[in-house]
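Using our numbering, read the sequence shown as starting at 437 and increasing by one per residue. Before any comments, here is the structure.
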Amino acid sequence: MNISRIAVAGGIAATTVLLLAGPASAHVSVQPQGEAAKGGYATINFKVPNERDDASTVKLEVSFPTDHPLSSVSPQAVPGWKIDVTKATLAKPLDVHGKKVTEAVSKVTWTADASAAIKPGFFQQFPLSVGQLPEDADQLVFKALQTYSSKEVVRWIEETPASGEEPDNPAPVLTLTDAAADTHGAAADDKAAGTDASAAAGHTTEAASDSTSASDSTARVLGIVGIVVGIAGAAFGVLARRRTV
């Protein structure tokens with residue numbers, strides 16, 4: 437098999453992978469900008485692709501998890517889209533920074549103007565700032581409804597089973613990461629390291645100073661010896677001349 441045949445075969449294989457992966461990933465999903473750390477706050481994006489060739493997406497409704505309610509939800513404005521935030525009273529108030537929170541966002545709805553609808557072949561992102569993320573969960577499941585201009589509603593509400601096999605209409609899942617380690621200890625270590633480094637630098641400077649002083653003393657001694665030798669040589673020369681005369 438020559439190189440050209442290998443290249444053609446590789447190209448066909450890559451195209452096949454893309455074709456197979458495309459439909460599986462063309463659903464409403466949620467991803468954080470950076471990380472979504474447990475116990476912290478994050479900016480997340482709901483990505484909505486248009487899967488129809490003859491209709492545009494005109495509405496998105498996202499329901500928030502009730503088992504882990506979020507006390508703070510702030511949508512970012514999306515040009516051409518009206519945003520409605522719905523809140524619900526909590527069965528159990530949340531303690532956020534020492535304050536009791538009795539209600540939380542239960543749903544956010546985006547509705548498009550005629551000119552802003554997501555057309556076939558395009559997608560739109562809908563950003564939100566959310567928090568405080570739970571510390572006792574590895575993920576948050578959001579159920580979403582996608583409405584088309586044809587009045588069709590696609591329900592992205594199915595949770596992935598324990599087997600891991602993705603359902604036909606999976607709900608968007610936000611994966612939470614472990615909170616970062618306490619940085620105060622690291623800062624203290626860095627400060628200590630800096631102090632040790634400064635001390636080491638001081639010792640090095642003192643050593644260099646001592647070395648310089650020793651060198652200066654040696655130079656002085658050698659200079660005096662040289663002068664003495666020079667004087668002795670001159671005296672020897674005078675005596676030699678007198679003997680000759």
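In this text, a Cβ means the ideal position worked out from N, Cα and C, and glycines have one as well. Computed from a prediction, not measured in an experiment: that's the story for all the values here.
Own chain residues within Cβ distance below 7 Å of residue i, not counting five before or after
i	result
Q575	V609, L610, T611 and L612
R591	L581 and N605
D549	G516
A573	H504 and L612
V498	F482, K543, V544, F578 and A580
T527	Reading off the sequence, residue 527 comes out as Ala, not Thr. Result list for A527: empty, nothing under 7 Å.
K536	P529
Between the CA atoms of residue j and residue i - distance to the nearest angstrom
i	j	result
R488	P529	42 Å
S492	T479	26 Å
A457	A473	Low confidence applies to A457: its pLDDT is 38, below 50, so where it sits in the model is not reliable enough to give any reading.
A462	T538	37 Å
T525	A615	28 Å
S465	L496	12 Å
I593	D503	16 Å
E694	V566	The structure shown does not extend to residue 694, since the chain is modelled only from 437 through 681, so no value can be given for it.
V577	P505	11 Å
K555	A607	22 Å
V494	F500	20 Å
E571	G534	16 Å
K483	E471	16 Å
D531	G557	44 Å
Whole-number beta carbon distance between residue j and residue i, since they are thought to touch under 8 Å
i	j	result
A552	G600	Not a contact, Cβ separation roughly 36 Å.
W546	F562	6 Å
Q568	S507	6 Å
Residue interval of the beta strand (DSSP E) (run including residue i)
i	result
R488	It is not in any beta strand (DSSP E) - R488 carries neither H nor E in the DSSP assignment.
K543	K535 to A548
G567	F559 to G567
D503	Taken as a continuous stretch (DSSP letters only), D503 belongs to no beta strand (DSSP E), as it is neither H nor E.
T525	W517 to V532
A580	K579 to Y584
T611	V609 to T611
Q467	S465 to P468
V590	V589 to W592
Spatial neighbours of residue i in its chain, beta-carbon cut-off 6 Å, leaving aside the 5 residues before and after
i	result
K481	In the sequence as displayed, the identity of residue 481 is Asn instead of Lys. Excluding sequence neighbours, N481 sits near Q467, Q561 and P563.
P485	A462 and F559
K518	T547
D520	T545
Y477	G567
A598	none
Close-in-space but distant-in-sequence residues of the same chain around residue i (CB under 8 Å, 5 per side omitted)
i	result
T522	V541, S542, K543, V544 and T545
S586	R488, D490 and A491
G475	Q568, L569, P570, E571 and A615
Exercise. Is it true that the segment 507-514 meets the segment 581-588, where meeting means three or more beta-carbon pairs spaced less than 8 Å apart?
Worked result: no
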